[in-house]
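Peer 1: Everything in the sequence shown is counted per this note's numbering, starting at 299 for the first residue and increasing by one.
Note that CB positions come from ideal geometry on N, CA and C, so glycine has one too.
Dropping a structure here in structure tokens format, bear with me for questions.
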Amino acid sequence: MTDDISLKSFTALDRVGDVEAYVRALEAFDDIPQLQELKRIARDMIRPGSSLLDVGCGFGLETVRLARIVGQAGRVAGIDKSVDFILQAKQRAAAAGLAIDYRAGEAQALPYADASFEIVRAERLLIYLKDWQKAVAEMKRVARPGASLAFIEPEFGTTTINLPDRALVRRVMAHEADTAVVVSWLPGQLYYALSDLGLRDVAVSTRVVLFPQDLAAVYFADVGRNAKKDGAISEAELSAWLSAIGDLHKRGRLFGSVGYFLFTAQN
Ligand SMILES: C[S@@+](CC[C@H](N)C(=O)[O-])C[C@H]1O[C@@H](n2cnc3c(N)ncnc32)[C@H](O)[C@@H]1O
């Protein structure tokens, strides 16, 4: 990932000029082994012939993999607010010869009948929603009795990097947690919200996701620039931040990480 992107834009992608930059960013992140492990655990609950809905599916990076497991005997749908991403998802599915029912729409008001799907899942969606509780309730509504639900989401309070000025790291990362997404501390709320909704067998798996060197260099540099833009750090502090990242990157010694959580539950 070498593009300048802001995570904030995932709340309204149709307003960004270069959607391709966001596609590349999601693809780069998707390659990270620890994230792939969580996705694999989530995929284990999918059987050939299932009916599945991917909420906030983006351009269908994971949806296509799930459609391959479900096969022709099953049914896969994907919904995302971004018209550009849905267009791209349709093109990718057509190129892969997969019949996926993609549509542009709102996670907080799903356009499906009650009890329509056996698997309902979302990945890195709820952190971008003002009313994430409504989206979860909607996902439960469209899930059949006995259906499985799955959510993969990060906890922004855990994002960190190995720069020696720890006070500066704490300030910059606190600014990132407070501004990059709508809900920075989702996992600790979601865990209990699922049982409160009446879902059963709520389970959690976790991985600490390690940023590859190039991705860490670009992402954490952007995080510093955003902090400076909002007045959270000074010009001199930004300069020190960028030079510390540049120095470690040059030597292949960056270590950036973020905690990811997979929640599964039964309807
Ligand atoms: C970080 S991306 C994740 C995409 C996909 N789940 C993945 O893992 O590749 C977040 C996605 O949520 C979508 N999104 C944000 N707000 C939404 C909403 N209110 N309803 C539906 N989708 C939304 C964005 O358009 C974007 O595609």
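1) Let me know the secondary structure DSSP gives ASP352 once reduced to three states.
2) Rounding to the nearest angstrom, what Cα-Cα distance links THR300 and GLY496 in this structure?
3) Would THR458 pass as an interface residue toward chain C - the criterion being a Cβ-Cβ separation below 7 Å?
4) So, for VAL440: in the same chain, excluding its five sequence neighbours on each side, which residues have a beta-carbon less than 8 Å away from its beta-carbon?
5) Please report the distance separating the alpha-carbon of SER493 from that of ILE339.
6) Where does VAL418 sit, in a helix, a strand or coil, going by DSSP?
7) Going along the chain, which residues of its own chain have a beta-carbon closer than 7 Å to the beta-carbon of GLN511, five neighbours each way excluded?
8) So, for ARG375: in the same chain, excluding its five sequence neighbours on each side, which residues have a beta-carbon less than 6 Å away from its beta-carbon?
9) Out of ARG505, ILE367 and ALA534, state which residue places its alpha-carbon closest to the alpha-carbon of LEU396.
10) Quick one: is ARG468 buried, meaning 16 or more other Cβ sit within 10 Å of its Cβ, or exposed?
11) Using a 10 Å radius around the Cβ and a threshold of 16 neighbouring Cβ atoms, would you call GLY356 buried or exposed?
12) Name the DSSP bridge partner or partners of LEU447?
Peer 2: This is what the structure gives:
1) By one-based count along the sequence shown, residue 352 stands at place 54. Correct three-state label for ASP352: strand.
2) Locating residue 300 in the sequence shown gives position 2, where the first residue counts as 1. Locating residue 496 in the sequence shown gives position 198, where the first residue counts as 1. With a pLDDT of 45 at THR300, under the threshold of 50, the predicted position of this residue should be treated as unreliable, though the coordinate-derived value follows. Answer to the nearest angstrom: the Cα atoms are 43 Å apart.
3) Absent from the structure: chain C. Only one protein chain is present.
4) Position 142 of the sequence shown, counted from the first residue, corresponds to residue 440. Excluding positions up to five away in sequence, the list reads LEU351, LEU408, TYR410, ALA411, ASP412, ALA413, SER414, PHE415 and VAL418.
5) The residue labelled residue 493 in the question sits at position 195 within the sequence shown. The residue labelled residue 339 in the question sits at position 41 within the sequence shown. Those two C-alpha atoms are separated by around 20 Å.
6) By one-based count along the sequence shown, residue 418 stands at place 120. VAL418: strand per DSSP, three-state reduction.
7) Mapped onto the sequence shown, residue 511 falls at position 213. Result list for GLN511: HIS547, GLY550 and LEU552, in chain order.
8) Position 77 of the sequence shown, counted from the start, is the residue given in the question as residue 375. Just to set this straight, residue 375 is Ala in the shown sequence, not Arg. The answer, listed in chain order, is LEU351 and ASP399.
9) In the sequence shown, the residue the question calls residue 396 occupies position 98. Out of ARG505, ILE367 and ALA534, ILE367 has the C-alpha closest to the C-alpha of LEU396.
10) Translated into positions along the sequence shown, residue 468 becomes position 170. ARG468 should be labelled exposed.
11) For the purposes of this step, residue 356 is identified with residue 58 of the sequence shown, where counting begins at 1. The residue is buried, with at least 16 neighbouring Cβ atoms inside 10 Å.
12) As a working mapping, residue 447 is identified with position 149 in the sequence shown. DSSP output for LEU447 lists VAL418 and ALA563 as bridge partner(s).
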